[in-house]
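Engineer: Can you keep this structure in mind? I'll have questions shortly.
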Amino acid sequence: MSETPLAKYRQRVIWLMMPGGDLGMVRKATRYAPDVIIPCLEDGVAYHPDAKATARRALSTFLREGGHTELGIATFPRINHPSSPYWGDDVDALVAAGADGIVIPKCETVDEVRVVEDRLSEAEAATGVPAGSVPVVVMLETARGVLRAAELALSARRGVALLFGREDFSASIGLMRRHSDSLAEGSPELLYARSQVVLAAQAAGLGSIDGASFTFQDADYMLRDASLSARIGYTGKLAAHPGHVRAIRQGFAPEPADVAIAERIVELERAALANGEAPVGGVDGMEVTPPIVDQARLLLARVNWASRVDDRLAAAAEASR
Amino acid sequence: MSETPLAKYRQRVIWLMMPGGDLGMVRKATRYAPDVIIPCLEDGVAYHPDAKATARRALSTFLREGGHTELGIATFPRINHPSSPYWGDDVDALVAAGADGIVIPKCETVDEVRVVEDRLSEAEAATGVPAGSVPVVVMLETARGVLRAAELALSARRGVALLFGREDFSASIGLMRRHSDSLAEGSPELLYARSQVVLAAQAAGLGSIDGASFTFQDADYMLRDASLSARIGYTGKLAAHPGHVRAIRQGFAPEPADVAIAERIVELERAALANGEAPVGGVDGMEVTPPIVDQARLLLARVNWASRVDDRLAAAAEASR
Amino acid sequence: MSETPLAKYRQRVIWLMMPGGDLGMVRKATRYAPDVIIPCLEDGVAYHPDAKATARRALSTFLREGGHTELGIATFPRINHPSSPYWGDDVDALVAAGADGIVIPKCETVDEVRVVEDRLSEAEAATGVPAGSVPVVVMLETARGVLRAAELALSARRGVALLFGREDFSASIGLMRRHSDSLAEGSPELLYARSQVVLAAQAAGLGSIDGASFTFQDADYMLRDASLSARIGYTGKLAAHPGHVRAIRQGFAPEPADVAIAERIVELERAALANGEAPVGGVDGMEVTPPIVDQARLLLARVNWASRVDDRLAAAAEASR
């Protein structure tokens with residue numbers, strides 16, 4: 002039985018965004034060994050028909066080269082917004098060139114997602130790509146989008162994840178930056194929206210990708226930020242810059258002490274079930290119950306993920322020598 | 002006029018959960034003098050018909066002994082989920098044995114609560130228990146349950162409280178544990194869901210019970226956690242282990258400095274009303290207004306609660322000598 | 002083209018509340034140079050017909066004097082609740098005396114807002130005030146009001162802002178005060194409701210005014226609190242006491258380091274657009290994209306606001322000499 006798209010993309014943690022029209026930069030993105038590359042055709046490219054067309058061609062070249070696939074890296078280009086004159090051509094070009102999926106920006110209504118999904122169906126039919134095989138990531142990055150997160154998550158037929166776009170959301174909500182306070186406090190100003198997006202995604206069975214840290218230089222903030230993303234329940238996190246990748250790798254990988262506890266919890270369950278008993282008891286000051294065992298399993302799966310990332314980093318370093 | 006069930010259970014703060022089939026442990030639970038004991042017939046008992054039946058009998062024995070009632074401790078056993086083959090027998094046995102109420106786990110839909118409430122009505126009729134006299138606590142512990150908290154709170158006809166099940170919720174939402182960060186930061190990863198459950202409960206006039214701290218050993222974390230539960234507006238908190246009880250007793254009891262301020266606020270109101278004036282003025286750097294007076298009253302009621310807990314602890318120590 | 006009421010009141014940050022019946026205090030409020038004064042006819046005045054009538058007359062005198070208008074200060078008196086016997090006379094008197102707008106307390110339902118809006122229309126017609134010219138601020142300060150924030154924001158036809166009433170909300174939700182913990186932690190107990198109100202307001206295109214800090218003496222807490230209000234996206238903040246004004250002035254004005262960054266970001270955009278390129282690049286460890294530019298613009302607008310406040314403070318000091 003093949004893995005479902007949903008299960009597959011829930012295990013992809015690092016989503017690295019790059020300007021989609023810069024072939025050199027997109028190629029270089031593979032070196033950072035993200036789980037997914039998001040070449041951006043929207044804000045990453047000037048709002049002019051020529052610039053958009055040129056970017057589409059460069060990106061199609063990259064997708065057809067396929068070097069990322071060998072490294073186990075998926076591509077989910079971000080298309081232009083459904084209200085723009087560019088998105089339809091984006092969809093057609095990306096399906097034809099073999100993108101693994103697409104990211105729809107600034108979603109606020111069910112119809113916006115639907116119109117893109119319908120165009121994907123047409124593009125699949127036109128190019129002989131299996132029907133329904135191109136999944137979408139629904140990006141929420143405005144007050145209205147976050148307000149309707151639950152509705153949008155439930156209605157996306159091709160949805161594999163919600164992606165919380167922090168910077169557009171911050172602009173939309175009228176956030177006033179005070180960098181020193183955000184750095185010191187870990188950005189409590191975003192906690193509500195971050196949490197709401199995960200809850201909506203998870204209730205609909207989708208993955209969830211947190212927005213990028215606003216800084217790509219403050220390693221301590223980035224690590225705490227990624228740790229909180231993982232603790233809130235995000236299945237992944239956006240890197241808006243290669244400088245973000247390492248912190249996500251660290252923050253989503255469990256700490257050795259927690260791994261040791263998780264292994265003891267799983268062992269406690271094994272022993273209890275073997276005796277026909279409920280898996281209940283104390284481990285390291287925690288009362289173990291079935292959901293604690295489930296959490297331990299997720300944590301141990303992340304150990305495997307981190308090891309795959311490290312392998313990919315090594316392979317990418319090798320390939321770029 | 003007798004106290005309504007709602008008013009009664011809003012004043013019960015410490016809800017101690019125990020495996021429901023272990024007669025020795027459930028009896029021992031009274032020694033910790035919680036306000037309510039939750040003997041668990043669900044995850045605390047192996048998922049096998051014999052184990053569930055044995056647990057039900059042991060728990061019925063405990064309920065009929067009635068020793069907890071003399072100590073002023075109520076019992077709200079947690080039944081199995083309405084989708085399981087066990088819950089109906091749980092309800093029948095518990096009503097017959099005189100449980101004060103029941104806890105329904107993993108509620109996600111209005112129908113799940115309704116089906117249990119209907120069975121309670123049948124069990125009450127069958128055993129001569131007054132109709133409608135057994136209240137329910139609606140447990141929210143999945144992404145879907147928390148998402149629909151407001152709807153579930155409003156629809157529960159026998160509801161006295163929502164109970165936020167943290168560990169199942171954490172497993173459901175895909176939270177990855179990083180104990181050192183959670184301990185250092187006070188678990189911001191749970192703040193949204195914790196807050197949403199209180200808001201939904203309070204808007205429907207129900208009490209609200211926060212989940213247990215994940216550790217039963219770190220006294221500082223447990224106290225800060227209980228303090229935040231009380232500040233968010235929870236009327237109670239779950240103890241998943243006897244080690245949690247003391248921190249809840251401390252965190253839900255006001256601090257002496259705050260008690261002194263509250264007494265001055267109530268006195269300011271008394272004096273203002275005696276003069277036909279609005280109760281407005283400054284106390285200790287706070288602008289006093291009517292809602293500040295209401296808050297002071299709640300705080301002073303908690304002083305009385307803490308004193309009742311201490312009496313119960315003394316009586317329990319005496320009884321177990 | 003004249004500025005819309007919405008745009009106008011989104012730029013008003015400091016909303017200072019005063020007991021509405023104390024003519025001396027309301028006059029004195031202008032000295033603190035808030036953007037708006039909220040003379041309170043509700044909780045700030047004893048609940049007795051004579052007291053309410055006297056307060057209404059005193060406030061009308063103040064409004065007709067008009068000294069605040071010369072200083073650029075608007076007045077939004079808080080009327081009594083639509084369920085009280087006082088609110089209709091409040092509305093009539095305030096429209097006749099020329100209030101700039103009104104604040105409706107403890108809104109929980111769409112009908113409560115509508116009934117006041119209808120009365121405003123009648124009062125406008127009766128006094129020759131242009132129809133629809135008196136805007137309302139919808140105050141959310143109960144569990145139900147905050148739960149329905151999105152619905153209330155969307156339905157208010159005259160709405161210019163939501164105002165989060167912290168103390169009534171805290172009383173409504175059953176918050177137990179622990180001052181030392183709230184001071185140390187920056188009141189995480191309010192973060193969910195604070196954030197929900199902004200999201201609802203912004204999704205409906207309204208401004209949002211955060212409640213006052215519970216203390217008017219702890220300068221450090223007040224500044225951190227105002228900073229968080231601004232970062233969450235609030236367009237303004239309530240001062241329940243003159244002691245709050247300075248902290249709001251500080252917390253909503255950007256820090257010099259952030260201003261310098263914002264200026265570089267705006268310059269980066271200018272240069273990119275001049276070259277027909279997307280405004281993308283790095284500034285001070287941040288990945289600049291279009292929403293980052295929008296945020297920089299909001300921040301620079303706040304510099305201008307702070308300078309207007311300082312001018313007003315100087316003028317008020319001059320006038321009161």
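Protein chains in written order, with this note's numbering: chain A, 2 to 322; chain B, 2 to 322; chain C, 2 to 322.
Each residue gets a CB set at the ideal place from its N, CA and C atoms; glycine is no exception.
(1) Under 8 Å, with one C-beta from each stretch per pair, do the stretch 76 to 89 of chain A and the stretch 29 to 41 of chain A reach the 3-pair mark?
(2) Would you tell me roughly how many angstroms separate the C-alpha atoms of C/Gln203 and A/Ile174, rounded to the nearest one?
(3) Looking at the structure shown, is B/Thr5 part of a helix, part of a strand, or coil, going by DSSP?
(4) Would B/Pro189 pass as an interface residue toward chain A - the criterion being a Cβ-Cβ separation below 9 Å?
(5) Tell whether a beta-carbon distance below 9 Å holds between B/Glu186 and B/Glu168.
(6) Could you compute how far the alpha carbon of B/Ser61 sits from the alpha carbon of B/Ala126?
(7) Closer than 7 Å between beta carbons: that is the criterion. Which residues of the stretch 289 to 307 of chain C meet it against chain A?
(8) Less than 9 Å between CB atoms is the rule here; does A/Leu95 satisfy it with respect to chain B?
(9) Which two residues bound the contiguous beta strand (DSSP E) that contains C/Lys238?
(10) Hey, which unbroken runs of the alpha helix (DSSP H) at 4 residues or more fall wholly within the stretch 238 to 278 of chain A?
(11) Less than 8 Å between the CB of A/Pro292 and some heavy atom of the ligand ZN, yes or no?
(12) Verify the CB distance criterion: does C/Phe215 have a CB-CB separation below 9 Å to chain B?
(13) Would you call B/Arg250 buried or exposed, if buried means 16 or more other Cβ atoms sit within 10 Å of its Cβ?
(14) Leaving out five residues on either side along the sequence, give the residues of the same chain with a beta carbon under 7 Å from the beta carbon of C/Leu184.
(15) Could you confirm whether any beta carbon from chain A is found closer than 9 Å to the beta carbon of C/Ile233?
(16) State the Cα-Cα distance for the pair B/Leu155 and B/Arg178, rounded to the nearest angstrom.
(17) Round the Cβ separation of A/Val161 and A/Leu299 to the nearest angstrom and send it over; I've been treating them as touching at under 8 Å.
(18) What residues in the stretch 174 to 187 of chain C bring their beta carbon closer than 8 Å to a beta carbon of chain B?
(19) If you reduce the DSSP assignment to three classes, tell me which class C/Glu113 lands in.
(20) Helix, strand or coil for B/Met177, going by three-state DSSP, please let me know.
(21) Could you please tell me which residues of the stretch 199 to 228 of chain B, in chain order, have their CB closer than 8 Å to any CB of chain A?
(22) To which residues does DSSP link B/Met287 through a beta bridge?
(23) A/Ala272 to A/Asp259, Cα distance in whole Å?
(24) Among residues of its own chain, excluding the 5 on either side of C/Ala30, which ones have a beta-carbon nearer than 6 Å to its beta-carbon?
(25) Rounding to the nearest angstrom, what Cα-Cα distance links B/Ile210 and B/Val111 in this structure?
(26) Along chain B, in chain order, which residues have C-beta atoms closer than 8 Å to that of C/Glu168?
(27) Rounded to whole angstroms, what is the Cα-Cα separation between C/Ala205 and C/Ile233?
(28) In three-state DSSP terms, what is C/Leu207?
(29) Could you tell me whether the stretch 297 to 313 of chain B touches the stretch 260 to 268 of chain B, using the rule of 3 or more Cβ pairs below 8 Å?
(30) Roughly how many angstroms separate the alpha carbons of A/Asp311 and A/Val96, rounded to a whole number?
(31) What's the gap between the Cα of B/Val284 and the Cα of C/Ser188?
(32) So, helix, strand or coil for A/Val138, using DSSP?
(33) Give me the chain A residues within the contact set of C/Met287, using Cβ-Cβ distance strictly less than 7 Å, ordered along the chain.
(34) Give me the subset of the stretch 137 to 159 of chain B whose CB atoms are less than 8 Å from a CB atom of chain C, sorted by chain position.
(35) Could you please tell me which residues of the stretch 32 to 50 of chain A, in chain order, have their CB closer than 7 Å to any CB of chain C?
(36) Given a cut-off of 9 Å, decide if B/Val130 and B/Gly99 are closer than it, judged by their beta-carbon atoms.
Structural biologist: If we stick to the structure as given:
(1) Touching, per the Cβ criterion.
(2) A straight-line Cα-Cα distance of about 6 Å links C/Gln203 and A/Ile174.
(3) Three-state result, B/Thr5: coil.
(4) Interface criterion met: the Cβ of B/Pro189 is under 9 Å from a Cβ in chain A.
(5) No, the pair does not count as a contact, with Cβ atoms beyond the cut-off.
(6) Distance between the alpha carbons of B/Ser61 and B/Ala126: 19 Å.
(7) From the stretch 289 to 307 of chain C, only Thr290, Pro291, Pro292, Ile293, Asp295, Gln296, Leu299, Leu300, Arg303 have a Cβ closer than 7 Å to chain A.
(8) No, no contact with chain B.
(9) For C/Lys238, the enclosing beta strand (DSSP E) stretches over residues 237 to 240.
(10) Taking only runs of at least 4 residues, the alpha helix (DSSP H) segments lying wholly in the stretch 238 to 278 of chain A are 246 to 253, 257 to 275.
(11) Of the ligands one can find in the structure shown there are none, so the ligand ZN has no counterpart to examine.
(12) For C/Phe215, the answer is yes, since a Cβ of chain B falls inside 9 Å of its Cβ.
(13) Looking at its Cβ environment, which holds 16 or more other Cβ atoms inside 10 Å, B/Arg250 is buried.
(14) For C/Leu184, the CB contacts under 7 Å within the same chain, skipping 5 residues up- and downstream, are Asp219, Tyr222 in chain order.
(15) Contact of C/Ile233 with chain A is assigned, a C-beta pair being separated by under 9 Å.
(16) Approximately 33 Å between the Cα atoms of the pair.
(17) 18 Å between Cβ atoms; not a contact.
(18) From the stretch 174 to 187 of chain C, only Ile174, Gly175, Leu176, Met177, Arg178, Arg179, His180, Ser181, Asp182, Ser183, Glu186 have a Cβ closer than 8 Å to chain B.
(19) Here C/Glu113 sits in helix by DSSP.
(20) It is coil, neither helix nor strand.
(21) Cβ contacts with chain A come from Ala213, Phe215, Thr216, Phe217, Gln218, Asp219.
(22) Answer is B/Val284.
(23) Note on geometry: alpha-carbon atoms of A/Ala272 and A/Asp259 lie some 20 Å from one another.
(24) The beta carbon of C/Ala30 sits closer than 6 Å to the beta carbons of Leu17, Met19, Ile38 from its chain, once the five residues preceding and following it are set aside; these are given in chain order.
(25) Distance between the alpha carbons of B/Ile210 and B/Val111 is about 19 Å.
(26) Going along chain B in sequence order, the residues near C/Glu168 (Cβ under 8 Å) are Thr290, Pro292, Ile293, Gln296.
(27) Cα-Cα distance, rounded: 16 Å.
(28) In the structure shown, C/Leu207 falls within a coil segment according to DSSP collapsed to helix, strand and coil.
(29) Yes, the stretch 297 to 313 of chain B is in contact with the stretch 260 to 268 of chain B.
(30) Each residue's Cα considered, the two are about 30 Å apart.
(31) When rounded, the separation of the alpha-carbon atoms in B/Val284 and C/Ser188 is 20 Å.
(32) It is a strand residue.
(33) Contacts between C/Met287 and chain A, judged by CB atoms closer than 7 Å, involve Phe215, Thr216 in chain order.
(34) Against chain C - using a Cβ distance shorter than 8 Å - the residues of the stretch 137 to 159 of chain B are Ala151.
(35) From the stretch 32 to 50 of chain A, only Asp44, Gly45, Val46, Ala47, His49 have a Cβ closer than 7 Å to chain C.
(36) It is a contact, given that the beta carbons lie within the stated cut-off.
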